[in-house]
Each structure stands twice: as structure tokens, then as C-alpha cells.
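Student:
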Amino acid sequence: MKLLNLDNVVCLSPHPDDTEFSLAGTALKYYDTTFFVMCLTKGGAPGFDNSNENFNRRDEVNNYWNELGVENVIVKHSDCDYLTDKTEPEWINYIENIFFTKESFKEKVNTGLMIPTYEDSMFEHRFVSQLGHGLIRSYPISLIEYRTVSTLTDWNPNLIVNVTSEYIRKVDAMKCFESQDNKTFFKETLLEQFHTDYRMSRRGIRYCEQFKILENFV
Ligand SMILES: [Zn+2]
């Protein structure tokens, strides 16, 4: 089964764990879609969070997907430690050269790009979200926002993925993010709250991941 009939989806992670936290259940569910997890940094902004210095958070991402043992997820890490290491046009050029070249669109592949929400209290999530429209300007790439832990309540999803069957696998593997062990949003209760929504619960959907389609090409 493919997500929205997409063959490939490139997921931009501002930090290690963003893609995993927000959409791992969807990647598990839609195993006929290939998800390229593009981890842009080693974690955090320079000087803000020492947990980024004491752990190799890039390895945590690799360990997470290895633990899940899925074949439809390919992890890539950028050549930068921090988002400030490249300017906005440099990031667009860099990502484009890896994923969105003339060559890569020769064969008819339905491609999507997932970005964090722009309505987000985390400034680096907003920065990466802004790369989206620039990256899809030359090719028919569907653009989809994924809800993060810091997405604001102004934001409204228009695509809900029921991940009830995938939830336990997704959450169990979260232990691979050892550096985040003391973070509140990695605690069981908050994980549960992130994946539940009363509007979905009343429809019988226990756990979900939330997205907003900005552009979709069929
Ligand atoms: Zn983040």
C-alpha cells in the first residue's frame, strides 16, 4: 500500500528524531512507498543544548530504523552539523542535487516532500518548512506538512493517518533516542497525547499522525 499513491517521499528532519517522532507510523504502514529520511543536522542549534554534544544523535536515527527493520526507509545525513552552516538557497540547492534532479524524474515516479509545519514554535522547524516551496518549483512534487511536537494550535491537518496498528512498534523503538530520555515529550503519557485527538477518537481512530497537504499532483 502506498501513501497517496506516492512512490517516493523525501522527509526533511531539522533535527534527529523529528521525522521519527512525527511520521514513523505512516512509514511503517505504507511500506510500498519509499521514505527518504533526510536528517539535516546533528541536533539543535549551536550552544543551546549540550545533549547534542554528549550523544551521537545521528546514530540514534540509524539505530531507530534498524531496530524497526523496515526496508522502505532510507536514512541520509547532511554534510552539516547545524542549519546555520548553509544559507536558505544553499540548502535548497544541496537537497535538490541529492533528490530532485532531471535524472531522478526521467522515470515516472510519484514523488512527495514532507516538511515540518510553518506554524511551529521552534524556529528551526520554520526555517526547514520554508525550504518546501522552493524545492518543488521545478517538478510535480506533492508538498505535505507533518505535525511536530512544537506545531501550534493554529495549524489544522487535512490528512489523518490511522497508525493504531503501528503505534506500539513506533513507540517502543523510541528508546533508541537515548539522548532524549529525560525530555518530557518522550514520556509515555505525552507520546500517547501526541497521537490522540478527540475528533479522531469519536470516529474510532485510537492513534494517528497528522499532516496537511499543501500541493498534490496526481
Ligand atoms: Zn526538531
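FYI, the numbering for the sequence shown is 1226 to 1443, going by our numbering.
Beta carbons are placed, not taken as given, at the ideal position from N, Cα and C, and that holds for glycine.
Ignoring anything shorter than 4 residues, give me the alpha helix (DSSP H) runs that lie fully in the stretch 1351-1389, in order along the chain.
Tutor: Segments of the alpha helix (DSSP H) lying fully in the stretch 1351-1389: 1356-1360.
Student: Which word fits Arg-1282, buried or exposed, when buried means at least 16 other C-beta atoms lie within 10 angstroms of its C-beta?
Tutor: Buried, since its Cβ has 16 or more Cβ neighbours within 10 Å.
Student: Looking at ligand 1, does it come within less than 6 Å of Gly-1365, judged from the CB to the closest heavy atom?
Tutor: Residue identity differs from the one stated: residue 1365 is Pro in this sequence, not Gly. Flag unset: Cβ of Pro-1365 not near ligand 1.
Student: Taking Thr-1244 as part of the alpha helix (DSSP H), name the residues at either end of that continuous run.
Tutor: 1243-1254 is the extent of the alpha helix (DSSP H) around Thr-1244.
Student: In the DSSP assignment, find the unbroken alpha helix (DSSP H) run with Ile-1317 in it and report its ends.
Tutor: Residues 1313-1324.
Student: So what does DSSP say about Phe-1410, is it helix, strand or coil?
Tutor: The answer is helix: DSSP assigns Phe-1410 an H, G or I state.
Student: Just to confirm my understanding: we take Leu-1415, look at its own chain, exclude 5 residues before and 5 after, and list those with CB closer than 7 Å. What are they?
Tutor: Contacts found: Thr-1409.
Student: According to the Cβ coordinates, are Asp-1232 and Val-1300 closer than 7 Å?
Tutor: No, these two residues do not count as a Cβ contact at 7 Å.
Student: Less than 8 Å between the CB atoms is what I'm expecting for Lys-1311 and Trp-1380, so what's the real figure, rounded?
Tutor: About 26 Å; that fails the 8 Å criterion.
Student: Which residues have their C-beta within less than 6 Å of a heavy atom of ligand 1, listed in chain order?
Tutor: This selection yields Pro-1239, His-1240, Asp-1243, Met-1347, His-1350.
Student: Going by DSSP, what residues sit across from Met-1263 in a beta bridge?
Tutor: Paired residue(s): Leu-1237, Lys-1301.
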